[in-house]
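Heads up: the sequence shown runs through residues 1 to 360, numbered per the UniProt record's numbering. Glycine is no exception: its CB is placed at the ideal position from the N, C-alpha and C atoms. Below you'll find the structure, written out as structure tokens, and then a few comments.
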Amino acid sequence: MDDFGSKLNSMNVSLSYASIVDIFQILARERVSALQFFDWLKFSDPELCRDPDIASLFVSNCGLLGNYETMVPILSEFSLKRVFLGMKAFGFLLDLGLDNGSSMECVRRVMAVFNEVGGMCQSCGVQLLIEMFGLSGSFETAEFVIRTAGRKVKHYNVLMRIMCKRGDCERVANLVKEMKRSGCDVDASSYNLLLSCLCKNGKIDEAWQVLEAMEKNYGLTDAHSFDILISFLCKRRRFDLVSKLLDKMTLKGIEPSILTHAVVIKSYFESGKFEEAHEYVVDYAGKRSYSSNANYSLLANLHLKNGNVLLACKVLSEMMDKGLKPNFSAYKRIMQHLEKKDGKDLSLELSRKYLSFIEK
């Protein structure tokens with residue numbers, strides 16, 4: 001054991017977690033290597049060395065001192081022990097305050113470390129760098145990481161998600177264009193991120209154009225693509241366009257998700273279009289939709305919340321006549337309201353129909 005470790009042992013110290021963090025931060029601030037301290041920590045409290053924050057502080061210390069050679073065995077060990085690092089492990093790349101050229105060189109050296117270690121460290125490390133630079137607004141550096149890592153769709157999507165949260169539709173669209181220019185296989189998830197960003201920022205015409213381009217040029221539309229636009233249009237009460245999209249989905253043999261069905265039904269209901277909500281549920285039941293039970297049960301619950309127990313009862317009765325079993329929670333709530341309103345006959349009839357499903 002080195003002198004540093006021997007001195008600490010002779011002092012018989014027992015450091016708290018907060019004290020250990022403070023020591024790493026002081027060493028970083030003074031630009032002093034934390035290698036001996038970490039070696040002592042591995043001996044005195046090996047489990048603590050697996051803590052993601054402690055591990056990240058040590059990696060950051062290596063980076064601040066330009067000690068990339070030490071990073072390789074350390075990251076290999078962390079990878080083997082499945083220690084997941086946080087962004088603070090590579091925060092030194094932001095803290096160094098270097099000019100653009102020097103900063104890119106440091107990033108390149110970190111990427112070289114990832115490549116040498118390989119495995120989980122490489123895949124997770126690249127994603128961490130993209131997230132870190134993206135969240136800090138250093139988009140050029142984030143894109144540099146993506147290019148250096150081989151222009152993978154999943155890496156572009158990480159940056160696109162960050163830009164979507166910022167509402168930067170132009171940058172998201174430019175990234176999609178860059179992916180196509182560089183020969184990267186743009187998938188539906190990338191276009192869906194662009195669709196989502198456009199919708200969240202009220203750019204309905206552009207979103208519609210993207211959806212049409214996905215259909216005509218790339219054949220990449222999936223249920224999620226339609227779901228994104230339908231949900232947005234429902235919020236705007238553009239039921240004419242919602243109907244067009246639903247018709248498109250039917251022609252393609254794509255069914256909306258249960259969540260999208262719920263959004264459409266609730267939007268009709270909240271707009272006072274009760275008949276349209278009912279027609280929608282009936283229509284998809286006729287198409288033998290997998291979500292028909294959920295759709296009918298939701299409609300019944302909405303009528304109940306609106307204070308119309310008789311209509312709620314009618315909806316449940318109708319669905320059971322079609323061989324669809326209601327959600328038990330919806331059935332129970334409606335039964336309780338019928339009993340309170342002295343709807344004994346309706347209650348008995350509803351109970352008889354529901355029991356027939358249990359007896360089968």
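Straight-line Cα distance separating residue j from residue i
| i | j | result |
| --- | --- | --- |
| GLU206 | SER190 | 15 Å |
| SER243 | SER347 | 36 Å |
| PRO326 | MET319 | 7 Å |
| LYS216 | ALA294 | 33 Å |
| VAL315 | ILE358 | 19 Å |
| MET87 | ASN61 | 13 Å |
| ARG82 | CYS49 | 12 Å |
| ILE26 | TYR290 | 60 Å |
| ALA149 | LEU129 | 11 Å |
| VAL309 | HIS261 | 22 Å |
| SER14 | PRO46 | 14 Å |
| ILE66 | LEU96 | According to the sequence displayed, residue 66 carries Gly and not Ile. Distance between the alpha carbons of GLY66 and LEU96: 10 Å. |
| SER19 | LYS177 | 49 Å |
| LEU198 | ARG181 | 21 Å |
| TYR280 | LEU350 | 23 Å |
| SER76 | TYR331 | 57 Å |
| SER103 | LEU93 | 7 Å |
| VAL158 | VAL145 | 12 Å |
| ASP51 | ARG288 | 52 Å |
| MET335 | LEU324 | 17 Å |
| MET1 | ASP22 | Low per-residue confidence applies at MET1: pLDDT is 46, beneath 50, and the placement is therefore not dependable, though the value from the model is reported in the following sentence. Distance between the alpha carbons of MET1 and ASP22: 23 Å. |
| TYR354 | PHE328 | 9 Å |
| THR70 | MET249 | 55 Å |
| PHE24 | ALA34 | 7 Å |
Same chain, Cβ closer than 6 Å to residue i, neighbours up to 5 away in sequence not counted
| i | result |
| --- | --- |
| residue 363 | Outside the displayed span of the chain (1 to 360) sits residue 363, for which this structure offers no information. |
| VAL59 | ALA89 |
| PHE239 | none |
| THR141 | PHE133 |
| ASP247 | none |
| SER56 | LEU85, GLY86, LYS88, ALA89 |
| ALA300 | ALA312, VAL315, LEU316, ALA330 |
| GLY219 | none |
Contacting residues, own chain, Cβ-Cβ under 7 Å from residue i (five flanking each side not counted)
| i | result |
| --- | --- |
| PHE269 | ALA277, LEU302 |
| LEU195 | ALA207, VAL210, LEU211, SER225, ILE228, LEU229 |
| ASN192 | HIS224, SER225, ILE228 |
| ALA28 | SER60, ASN61, LEU64 |
| LEU251 | none |
Simplified DSSP assignment, three categories, for residue i
| i | result |
| --- | --- |
| PHE84 | coil |
| PRO73 | helix |
| SER329 | helix |
| SER231 | helix |
| ALA262 | helix |
| PRO52 | helix |
| THR250 | helix |
| SER19 | helix |
Cβ separation of residue i and residue j, assumed to be a contact under 8 Å, to the nearest whole Å
| i | j | result |
| --- | --- | --- |
| ALA223 | PRO256 | 7 Å |
| GLU143 | ILE162 | About 12 Å separates the two Cβ atoms, so there is no contact after all. |
| PHE139 | ARG171 | 7 Å |
| SER292 | VAL263 | Not a contact, Cβ separation roughly 16 Å. |
| ASN201 | CYS169 | 6 Å |
| ILE265 | LEU298 | 6 Å |
Cut-off 8 Å between Cβ atoms - residues of its own chain near residue i, not counting five sequence neighbours on either side
| i | result |
| --- | --- |
| VAL153 | MET179, CYS184, ASP185, VAL186, ASP187, SER189, SER190 |
| VAL72 | VAL113, GLU116, VAL117 |
| CYS120 | Note that residue 120 corresponds to Met in the displayed sequence, not to Cys. So the list reads SER79, ARG82, once near-sequence residues are dropped. |
| LYS203 | CYS169 |
Any C-beta of chain D under 7 Å from that of residue i
| i | result |
| --- | --- |
| GLU105 | Any reference to chain D falls outside this structure, which holds one protein chain only. |
Check: residue i C-beta below 6 Å from any heavy atom of the ligand SAM
| i | result |
| --- | --- |
| SER189 | Within the structure as shown, the ligand SAM is missing, as the structure has no ligands at all. |
Requested in this report: Mind listing, in chain order, the continuous beta strand (DSSP E) runs of no fewer than 3 residues lying wholly within the stretch 130-213?
Outcome: none
Report task. Just list the alpha helix (DSSP H) runs in the UniProt repeat "PPR" (292-326), keeping only unbroken ones of 4 residues or longer that don't cross its boundaries, in chain order. Result -> 292-305, 309-321
Query - alpha helix (DSSP H) runs wholly inside the stretch 87-119, at least 4 long, in chain order - result: 92-95, 100-117
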